[in-house]
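Worksheet: the structure to be examined is printed underneath.
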Amino acid sequence: MSGVISGFTVIFIVVGAGYLLGRTNTLGEHAHEVLSRLVFFVCTPALLLHSLVTSDLSVVFSSTLVIAGGSAFAIGVVYLLIAGLWLRGPIPELTIGALSASYVNSVNLGLPIAIFVLDDASFIAPLLLFQILIYSPIALTSLDLTALGRQSGTGRRATLLDSVITPVTNPIVLGGVTGLIISLIGWTPPEAIMKSFEMLGSASVPAALLAFGLSLTGVAVFKKGESPRRDIALASVLKLVVMPVMVYLVARFGFGQTGHQLFAQVVIAALPTAQNVLVYATRYRRGQILARDTALITTLGSIPTIAVIALLLA
1386 MSGVISGFTV IFIVVGAGYL LGRTNTLGEH AHEVLSRLVF FVCTPALLLH
1436 SLVTSDLSVV FSSTLVIAGG SAFAIGVVYL LIAGLWLRGP IPELTIGALS
1486 ASYVNSVNLG LPIAIFVLDD ASFIAPLLLF QILIYSPIAL TSLDLTALGR
1536 QSGTGRRATL LDSVITPVTN PIVLGGVTGL IISLIGWTPP EAIMKSFEML
1586 GSASVPAALL AFGLSLTGVA VFKKGESPRR DIALASVLKL VVMPVMVYLV
1636 ARFGFGQTGH QLFAQVVIAA LPTAQNVLVY ATRYRRGQIL ARDTALITTL
1686 GSIPTIAVIA LLLA
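1386 is the number of the first residue of the sequence shown in the numbering used here; add one for each residue after it.
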């Protein structure tokens, strides 16, 4: 449990620093949006490119990729079906809600827990790759195409050409795909280039956490009339309860996993919503309160959830 406590302590300290900066208005009134754009357009693409270039892809393509990636995608689809039929929200908000219910905090919390609790950082790598190269492109393409029609002022439907071009012009998708290609062809970029990407990428996690803290100021969390409580409740339950249970059933009875491997799969599934979802929501100005409040609830709720999993399976 010391690893869990350590990982969450780091997060709360950095988020708290962002909150204090927002409360004192040290960085100005537009700090949250500017910092989120920096993470979206610069830091996260650099992090993904550097991580994939320096990773051993043979570790990534394993049963964990199928279990973790498949469950995340399945939970996202479940949210879309339930929220679409019940809440009937617009597509951008449904997309952000699906990400909130299933997009795992695999970097700033997943890596520390994988190292300190699971004793193996490779457990988180397959899910990280899935979210970078498959899940994010699907969600961001949906958001991009929706924004395209809105910005045109005509409400026109996206064309086939739009659908092809839009994903490869998204900086996060571009960074992940470029890193994967470089890794697959076995080319090692010059050290000066890699150091530059490493330096920029290392700012992604703390900047995203600071942006999350900044977002908590000025607006009452879960305020009646402003916060989409039903959407948040649905996303939180799916993330903290349904997703770990689904992963347990699939890993235990579908893949025959037991012991530490099964424990690791379920712990990864119980990780909270990634702050990157709020970065995406801020970038497209859709579902920001939904992403923010779900990330906060799942971050707080994942502590007892992981503790229970440790007691039952460790």
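Ideal Cβ positions, reconstructed from N, Cα and C, are used throughout, including at glycine.
Task: Whole-angstrom C-beta distance between Leu-1559 and Pro-1430, which should lie under 8 Å - done: For this step, residue 1430 is matched to residue 45 along the sequence shown. For this step, residue 1559 is matched to residue 174 along the sequence shown. The pair is a contact, with the Cβ atoms about 6 Å apart (cut-off 8 Å).
TODO: With DSSP as the reference, please indicate the residues paired to Val-1489 in a beta bridge.
DONE: Working through the sequence shown from its first residue, we reach residue 1489 at position 104. Partner(s): Thr-1658.
- [ ] Kindly indicate which three-state DSSP category Gly-1586 falls into: helix, strand or coil?
- [x] Residue 1586 sits at position 201 when you count from the first residue of the sequence shown. Here Gly-1586 sits in helix by DSSP.
Task: Own chain, CB closer than 7 Å to Ile-1452, minus 5 neighbours either side, in chain order - done: Counting from one through the sequence shown, the residue named residue 1452 turns up at place 67. Answer for Ile-1452: Val-1632, Val-1635, Ala-1636, Phe-1640 and Gln-1650, listed in chain order.
TODO: Would you check if the distance between the CB atom of Ile-1691 and the CB atom of Ile-1509 is smaller than 9 Å?
DONE: If you number the sequence shown from 1, residue 1691 lands on position 306. If you number the sequence shown from 1, residue 1509 lands on position 124. For Ile-1691 and Ile-1509, no; Cβs fall outside 9 Å.
Task: Simplified DSSP state of Gln-1446, which is helix, strand or coil - done: On the sequence shown, position 61 is the one that residue 1446 refers to. Here residue 1446 turns out to be Phe, not Gln, going by the sequence shown. Three-state DSSP puts Phe-1446 in coil, outside helix and strand.
Task: Nearest-angstrom Cα separation, counted from Val-1652 out to Ser-1448 - done: The sequence position of residue 1448 within the sequence shown is 63, counting from 1. The sequence position of residue 1652 within the sequence shown is 267, counting from 1. Their Cα atoms are separated by approximately 16 Å.
Task: Counted within 10 angstroms of its Cβ, other Cβ atoms place Ser-1443 as buried (16 or more) or exposed - done: Locating residue 1443 in the sequence shown gives position 58, where the first residue counts as 1. Its Cβ having fewer than 16 others within 10 Å, Ser-1443 is exposed.
Open item on the list: Rounded to whole angstroms, what is the Cα-Cα separation between Leu-1518 and Leu-1405?
Closed with: Here the question's residue 1518 lines up with position 133 in the sequence shown. Here the question's residue 1405 lines up with position 20 in the sequence shown. The straight-line gap from Cα to Cα measures roughly 34 Å.
TODO: For Pro-1575, count neighbouring Cβ atoms within 10 angstroms of its own Cβ and tell me buried if that reaches 16, exposed if not.
DONE: Counting from 1 along the sequence shown, the entry for residue 1575 is found at position 190. Its Cβ having fewer than 16 others within 10 Å, Pro-1575 is exposed.
TODO: Mind the definition here: the region 1678-1687 touches the region 1423-1439 only if three or more C-beta pairs lie below 8 Å; say whether that holds.
DONE: no
- [ ] With Pro-1475 as the anchor, note down where its alpha helix (DSSP H) starts and where it stops.
- [x] Taking the sequence shown and counting its residues from 1, the one referred to as residue 1475 is at position 90. Note, Pro-1475: premise wrong, no alpha helix (DSSP H); not H, not E.
Task: Nearest-angstrom Cα separation, counted from Ser-1600 out to Gly-1454 - done: As a first step, residue 1454 is located in the sequence shown; it is residue number 69 there, counting from the start. As a first step, residue 1600 is located in the sequence shown; it is residue number 215 there, counting from the start. So the two alpha carbons sit approximately 28 Å from each other.
Task: Closest by C-alpha distance to Phe-1426, when choosing among Thr-1679, Thr-1554, Gln-1646 and Pro-1689 - done: Working through the sequence shown from its first residue, we reach residue 1426 at position 41. Measuring from the Cα of Phe-1426, the nearest candidate turns out to be Thr-1554.
- [ ] Can you grab the Cα-Cα spacing for the pair Val-1419 / Val-1562, in whole Å?
- [x] For the purposes of this step, residue 1419 is identified with residue 34 of the sequence shown, where counting begins at 1. For the purposes of this step, residue 1562 is identified with residue 177 of the sequence shown, where counting begins at 1. Going by the C-alpha atoms only, they are around 25 Å apart.
Open item on the list: Contact between the region 1464-1471 and the region 1585-1593 is defined here as three or more beta-carbon pairs at a separation below 8 Å; is this criterion met?
Closed with: no
- [ ] Identify, in the order they occur along the chain, each residue of the same chain with its Cβ nearer than 7 Å to the Cβ of Ser-1537, setting aside the five sequence neighbours on each side.
- [x] In the sequence shown, counting from the first residue as 1, residue 1537 sits at position 152. Note that Ser-1537 scores 49 on pLDDT, short of 50, meaning its location in the model is unreliable; the coordinates nonetheless yield the value given after this. Within the same chain, Ser-1537 has no close Cβ partners at all.
TODO: Pull up the distance between the alpha-carbon of Phe-1648 and that of Ala-1659, whole angstroms please.
DONE: On the sequence shown, position 263 is the one that residue 1648 refers to. On the sequence shown, position 274 is the one that residue 1659 refers to. For Phe-1648 and Ala-1659, the distance between alpha carbons rounds to 21 Å.
- [ ] Using 10 angstroms around the beta-carbon of Asp-1678, count the other beta-carbons present and answer buried if the total reaches 16, otherwise exposed.
- [x] In the sequence shown, residue 1678 corresponds to position 293, counting from 1. Classification of Asp-1678: buried, given that the 10 Å Cβ count is 16 or more.
Open item on the list: To the nearest angstrom, how far is the alpha carbon of Ser-1487 from that of Ile-1694?
Closed with: In the sequence shown, counting from the first residue as 1, residue 1487 sits at position 102. In the sequence shown, counting from the first residue as 1, residue 1694 sits at position 309. So the two alpha carbons sit approximately 18 Å from each other.
Task: Coil, strand or helix - His-1415 by DSSP - done: Walking along the sequence shown from the start, residue 1415 turns up at place 30. Looking at His-1415 - three-state DSSP - the assignment turns out to be coil, as it is neither helix nor strand.
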